[in-house]
Amino acid sequence: MGYFLTQLARLAENVGLAIGSHLTIAVGNIFFLGGSTMFCFGAYAVAISQKAGLDPWLSAVVAVLCSIVFSFLFVLAYIKLSNDSFTVFTLSSMLAFEALVKSWDSVTGGVLGIAGIMRPEGMTKLKELVIFQIVIMIILLIVEYVILKTFIGRSLLGMRESKYFVESLGTSTRLIGGIAIVICSVMAAIAGVTTVWRVQFLDASFGSVTLLVLTVTIAVLAAKPKIRWLMLSAIFVTFLPEVFRFLPIPSIMIGHLRIFMYSVMLIIVLLTISKKLMPQKRFI
Amino acid sequence: MFFLQILLNSLVVGTQVVLLAVPLYLVYSSSKIFHLGLGATGISAAYALWYGLKAGWSLPMAIMVALICAVILGTLSFALLEKLAKKKEHLFGLLVSFSFGLCLEAIIAIIFGTDGKFFLTTPLPTIRFSDLYLTFPGIATLIAGLILSVLFLVVVAKTPWGRKMKAVSENSYLLDSLSFNAATVRLFVLVVASVLAGFVGIMTTLNSTLIPNAGFNLIVLAFIALLVGGVNSLKGTILSAYIVVLIPELIVGLSSGEYSVSLSWKMVIVFVVAAIFLTWKPNGLLTRKARVE
Chain L
10 MGYFLTQLAR LAENVGLAIG SHLTIAVGNI FFLGGSTMFC FGAYAVAISQ KAGLDPWLSA
70 VVAVLCSIVF SFLFVLAYIK LSNDSFTVFT LSSMLAFEAL VKSWDSVTGG VLGIAGIMRP
130 EGMTKLKELV IFQIVIMIIL LIVEYVILKT FIGRSLLGMR ESKYFVESLG TSTRLIGGIA
190 IVICSVMAAI AGVTTVWRVQ FLDASFGSVT LLVLTVTIAV LAAKPKIRWL MLSAIFVTFL
250 PEVFRFLPIP SIMIGHLRIF MYSVMLIIVL LTISKKLMPQ KRFI
Chain E
1213 MFFLQILLNS LVVGTQVVLL AVPLYLVYSS SKIFHLGLGA TGISAAYALW YGLKAGWSLP
1273 MAIMVALICA VILGTLSFAL LEKLAKKKEH LFGLLVSFSF GLCLEAIIAI IFGTDGKFFL
1333 TTPLPTIRFS DLYLTFPGIA TLIAGLILSV LFLVVVAKTP WGRKMKAVSE NSYLLDSLSF
1393 NAATVRLFVL VVASVLAGFV GIMTTLNSTL IPNAGFNLIV LAFIALLVGG VNSLKGTILS
1453 AYIVVLIPEL IVGLSSGEYS VSLSWKMVIV FVVAAIFLTW KPNGLLTRKA RVE
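Read top to bottom, the protein sequences are chains L and E.
Residue numbering for the first sequence follows the working numbering, starting at 10 and increasing by one per position.
Residue numbering for the second sequence follows the working numbering, starting at 1213 and increasing by one per position.
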């Protein structure tokens, strides 16, 4: 039972993290790779707030507010840098954040991390927490659905076709891109908060490269700006490496095999279905 | 004297970053793709050398195997990136190269494990200049860095090869019509870049431990140097590689007492320095404003 609950929780966390990437990468064609940094940021913000004596709920609110503020750094980079530079800049933010977390040990616990993070009242059992995570996942999916139906979603889809076209309609692509990045960051931070409540421990390796590749794979595999595609993609990517658990493979290798599988999957997906992500290349 | 030693050490690390930023620049110039798999390629070559030496092969034989490994990985990168470079899908190229690097790291970790490996069990041979000292790989890196930087500056700016390389990224079909094979140019650049990355991978890990993800930090540093220097300026890239290394090294090395900054802050400082430079000069240190036609 514990195994299935953990898998459900992982699915909910991955979806929460991937929704933002789906909105930026698959919908808006903004290659924002700072999702795992924000995931880690949200988790640390909630853990540090709790360490400072705040209630778990209040610390979650603080974490979300802090993530909004922190995400403006990425918005600034988005405005200042070219597309590919922005992508690698957001990617390298993961390294910088990891270094910051390891170095600032008086606040973050350094390499030892922070243990004993408390779950909110009413969610002390895993089952209750998983139900809460699934509810959060559904809410986030609804939020994305609503966003896709609004002016922001339409503008993001328009940006995928042509930025100049969207600009010509009097919409600032910087503003829309910035909003998408903030939304993505907040969603990743929320996923980080719920994850840290589940694992109740935090160290510098929390928002790892594996998580980043997993998120991008889900977002790219979903390809179309549809919620059901995102959900299917998340289920497929989350549960596929579980096959390794039933094979006679040393447990130390499973993590590397998972990274290998995600990377190969991402390469195949990018080389085969990339056309679906680039509709401006269509010839009519 | 302490300051000079920091300066000398930073010069070596800066040259390592230059030697990785230059291939990054070359690949970008020929395909407009940031090849983030170059770090892992370099580390793979270093592992090939380590394996050869551990298996009891002679040094030239082990170097040859490392070289072949780098060439094969360069060719593999070409096979993966060529289609995307042709279609000008540069961001997908970036993601593919990043995934390619992760793939290599995972394969290395599965085969060799994640524990640190050492080329030498004895202290590295050093050369002294009065009170200053440098390790042998450090001197080799400095000399190679100096020669290759000058060579590539000349090749890129003054020779037909450099012009051809830039032309390939602009319009490969037009270049094809002039009977130049754009794919061959890109293949050549990727193989050269992989061999250079292999050299950096070996020189870096001679000084420290060999671990599967050692290349990732280095490639990110090289990329930041490229970004700060300007993606279209080799001179700027070389200059900024030293700047992004020197500033954190000086801050860490010269801080003391209550305001002492530990070595682990280095990457944070690099990121802050890069952010400041990019806010001040988003197009690069030495990039001039060009007329838009």
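All C-beta atoms, glycine included, are put in the ideal place defined by N, C-alpha and C.
- Message: For a test of the three-state rule: what should DSSP assign to T1347(E), helix, strand or coil?
- Response: DSSP places T1347(E) in strand when its eight states are reduced to three.
- Query: Since V116(L) meets chain E, which of its residues come closer than 8 angstroms, beta carbon to beta carbon?
  - Reply: Within chain E, no residue comes near V116(L); the closest Cβ sits about 13 angstroms away, beyond 8 angstroms.
- Message: Residues of the stretch 1427-1451 of chain E in Cβ contact with chain L at a cutoff of 8 angstroms, in chain order, please.
- Response: F1428, N1429, V1432, F1435, I1436, L1439, V1443
- With a cut-off of 7 angstroms, does the C-beta of S1476(E) fall near any C-beta of chain L? Chain L, which has a Cβ nearer than 7 angstroms to the Cβ of S1476(E), makes this yes.
- Item | Residue nearest to A1252(E) in terms of C-alpha spacing, selected from S1406(E), L1497(E), V1473(E) | S1406(E)
- Query: Can you find a CB in chain E that lies within less than 7 angstroms of the CB of I293(L)?
  - Reply: In this prediction, I293(L) scores a pLDDT of 49, lower than 50, which makes its location untrustworthy; the coordinate-derived value is nonetheless stated afterwards. No, no contact with chain E.
- Message: Just to make sure I have the definition right: I need the residues of chain E whose C-beta is within less than 7 angstroms of the C-beta of T96(L). Which are they?
- Response: L1303, L1306
- Within chain L, partners of T1491(E) - CB distance below 7 angstroms: K89
- Task: Evaluate Q209(L) with the Cβ neighbour count: other Cβ atoms within 10 Å of its Cβ, from every protein chain shown; 16 or more gives buried, anything less gives exposed.
- Result: Its Cβ having fewer than 16 others within 10 Å, Q209(L) is exposed.
- Taking the DSSP output, what are the residues bridged to R1340(E)? Y1345(E)
- Item | Whole-angstrom distance between F248(L) and A1487(E), CA atom to CA atom | 38 angstroms
- Between M168(L) and chain E, is there a C-beta pair that is closer than 7 angstroms? no
- Query: Closest by CA to T1326(E), which one among T1333(E), E1317(E), L1332(E)?
  - Reply: E1317(E)
- Message: Can you find the residues in the same chain that come closer than 6 angstroms, C-beta to C-beta, to F1489(E), ignoring five residues on each side of it along the sequence?
- Response: V1440
- Query: Expressed to the nearest angstrom, what Euclidean distance is found between the alpha-carbon atoms of I199(L) and G51(L)?
  - Reply: 7 angstroms
- Just to confirm, are A69(L) and V55(L) a CB contact at a threshold of 7 angstroms? Yes, the Cβ-Cβ distance between A69(L) and V55(L) is below 7 angstroms.
- Item | N- and C-terminal bounds of the alpha helix (DSSP H) containing P65(L) | 65-89
- Query: When we look at the beta-carbon of P1337(E) and count the other beta-carbons within 10 Å, is it buried (16 or more) or exposed?
  - Reply: exposed
- Do S102(L) and T224(L) have their C-beta atoms within less than 7 angstroms of each other? no
- Query: Can we say the stretch 1270-1287 of chain E touches the stretch 1446-1458 of chain E, given the rule of at least three CB pairs closer than 8 angstroms?
  - Reply: No, because fewer than three Cβ pairs between the stretch 1270-1287 of chain E and the stretch 1446-1458 of chain E fall closer than 8 angstroms, the two stretches do not touch.
- Message: Assuming the contact rule is C-beta atoms closer than 8 angstroms, P1424(E) and I1255(E) should be a hit. Round their C-beta distance to whole Å, please.
- Response: 7 angstroms
- Whole angstroms is fine: what's the gap from L150(L)'s alpha carbon to L109(L)'s? 32 angstroms
- Would you say V246(L) and T219(L) are within 7 angstroms of each other, going by their C-beta atoms? no
- Item | Burial state of G1372(E), where buried means 16 or more other Cβ atoms lie within 10 Å | It is worth fixing the name first, because residue 1372(E) is Pro in this sequence and not Gly. P1372(E) comes out exposed.
- Message: Could you compute how far the alpha carbon of L138(L) sits from the alpha carbon of Y271(L)?
- Response: 27 angstroms
- Boundaries of the alpha helix (DSSP H) in which G125(L) is found, first to last residue: No alpha helix (DSSP H) holds G125(L); DSSP gives it neither H nor E.
- Query: Any C-beta of chain L sitting closer than 7 angstroms to the C-beta of V1480(E)?
  - Reply: yes
- Within this structure, are the beta carbons of L1408(E) and P1235(E) separated by less than 7 angstroms? Yes; because the gap between Cβ atoms is below 7 angstroms, this pair is in contact.
- DSSP three-state call for K1329(E): helix, strand or coil? strand
- chain E contacts from the stretch 262-278 of chain L (Cβ-Cβ distance under 9 angstroms): Along the stretch 262-278 of chain L, going in chain order, the ones with a CB nearer than 9 angstroms to a CB of chain E are M262, G264, H265, L266, R267, I268, F269, M270, Y271, S272, V273, M274, L275, I276.
- Distance between I244(L) and G162(L) (C-alpha atoms, nearest Å): Near 24 angstroms, if we compare the C-alpha coordinates of I244(L) and G162(L).
- Query: Buried or exposed: where does G25(L) fall if 16 or more other Cβ atoms within 10 Å of its Cβ makes it buried?
  - Reply: buried
- Message: I'd like the list of long-range same chain contacts for C75(L), defined as Cβ closer than 6 angstroms, with 5 residues on each side in sequence excluded.
- Response: A54
- Query: Between the stretch 1318-1336 of chain E and chain L, which residues of the former have CB atoms less than 7 angstroms from a CB of the latter, in chain order?
  - Reply: Those residues of the stretch 1318-1336 of chain E that come within reach of chain L (Cβ to Cβ, closer than 7 angstroms) are A1318, I1319, A1321, I1322.
- Item | Interface flag, F50(L) vs chain E, CB-CB below 7 angstroms | no
- Message: Taking only three categories from DSSP, how would you classify L138(L)?
- Response: helix
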